[in-house]
Structure formats: C-alpha cells, structure tokens
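Novice: Sharing a structure here in structure tokens format.
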Amino acid sequence: MPTAKEIIEKLNLTPHVEKGFYIQTFVDPGKGAEGTPHSSAIYYLLEKSDGNSNWHRVLNAVEIWHYYAGAPIRLSLSWDDGTPLRQKILGGDVMDDQEPQVIVEQGEWQSAESLGDWSLVGCTVAPAFSMDKFEMKEGWQPKGV
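To convert, note that position 62 of the sequence shown is 62 in the UniProt record's numbering; the numbers rise steadily by one, no gaps.
The following block contains the structure:
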C-alpha cells in the first residue's frame, strides 16, 4: 500500500484549511440562477497524525463524501442544537457497517477523523463550493458532544 506522502505527491494535493490535503478536481461549467456552478468535487486526504479536522460547515450546499482508499474515516455530524452527535463511518467494508458514501446536509457541522494511517476520500458539493459560504471553528465543539 502506498504511503500518504506518495499519494499526496501523485495527486498533487496541497494543505487544506480544515487539516489534511486536497485538490479540486471538478467545477461544473453549468451555472444556476445566481451564477454559481451546479457542483464541484475534490480529493481529500487526512492522516491519523493530523487528528480530527476542524469543525466546519457549508452554508448553502449539500456535501457528499465518497470513500476511495486507505483507512475508513469517522464523520461526526451535528446541528449544534443540543441533540446527540451523529457518527458515520465512511469506508469500503459495507459488511462491517461502513458506508461508501455519506451525505452531509446543508448547514450541518462536520468533523472527520482517519481511523488508520491515512484516508483518501472525495467530496462533491452541490451547488459548487464557495469559500464565502464556508464556516470553520478551530478548537470548537458543538452542543451535544
């Protein structure tokens, strides 16, 4: 199995503000009424040594996580309203209750943790990701954690 460093170099990944590494692989040329592309996609690699990604949310879009390689990822999801944290395991072993795809709803807080040395996943955002519709809180925990 390749190392995280080898994958980072092969896919030309760069550091991500949430932690980990990424590259944008697609921006839909079609645009909605507000001029925003319909969707976008990235590769995202998170190493166990990075710890959990910072809590963040996409304010205007649904985000779909896709598992590709390496260890499964634990996604922690919250509405920050005092309800219990939801956890999903994004991975390839469906017989062990891992999900190859996880949906994060618009505005839902999320944090990711690799359950092994590294995890390679993809994220598709619709409408397309825009930094001005993104919120991140370093060192923050939602209510209900």
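Every residue, glycine too, gets a C-beta built ideally from N, C-alpha and C.
In terms of alpha-carbon separation, which member of Ala128, Gly139, Ile73 lies closest to Val58?
Specialist: The residue labelled residue 58 in the question sits at position 58 within the sequence shown. Residue Ala128 is the option with its Cα nearest to Val58.
Novice: For the putative contact between Gln106 and Asn60, defined by C-beta atoms under 8 Å, what is the C-beta separation to the nearest angstrom?
Specialist: Mapped onto the sequence shown, residue 106 falls at position 106. Mapped onto the sequence shown, residue 60 falls at position 60. Confirmed, about 7 Å.
Novice: Out of Ser119, Glu18, Lys10, point me to the one whose CA is closest to Lys137's CA.
Specialist: Counting from 1 along the sequence shown, the entry for residue 137 is found at position 137. Of the candidates Ser119, Glu18, Lys10, the one whose C-alpha sits nearest the C-alpha of Lys137 is Glu18.
Novice: Considering only the beta carbon of each residue, do Ser130 and Leu46 sit closer than 8 Å?
Specialist: In the sequence shown, the residue the question calls residue 130 occupies position 130. In the sequence shown, the residue the question calls residue 46 occupies position 46. Between Ser130 and Leu46, the gap from beta carbon to beta carbon reaches 8 Å or more.
Novice: In its own chain, which residues sit with a C-beta less than 6 Å from the C-beta of Ala69, not counting the 5 before and 5 after it?
Specialist: Counting from 1 along the sequence shown, the entry for residue 69 is found at position 69. Correct list, in chain order: Leu120.
Novice: Between the alpha carbons of Ala112 and Asn54, how many angstroms are there, rounded?
Specialist: In the sequence shown, counting from the first residue as 1, residue 112 sits at position 112. In the sequence shown, counting from the first residue as 1, residue 54 sits at position 54. When rounded, the distance between both Cα atoms is 8 Å.
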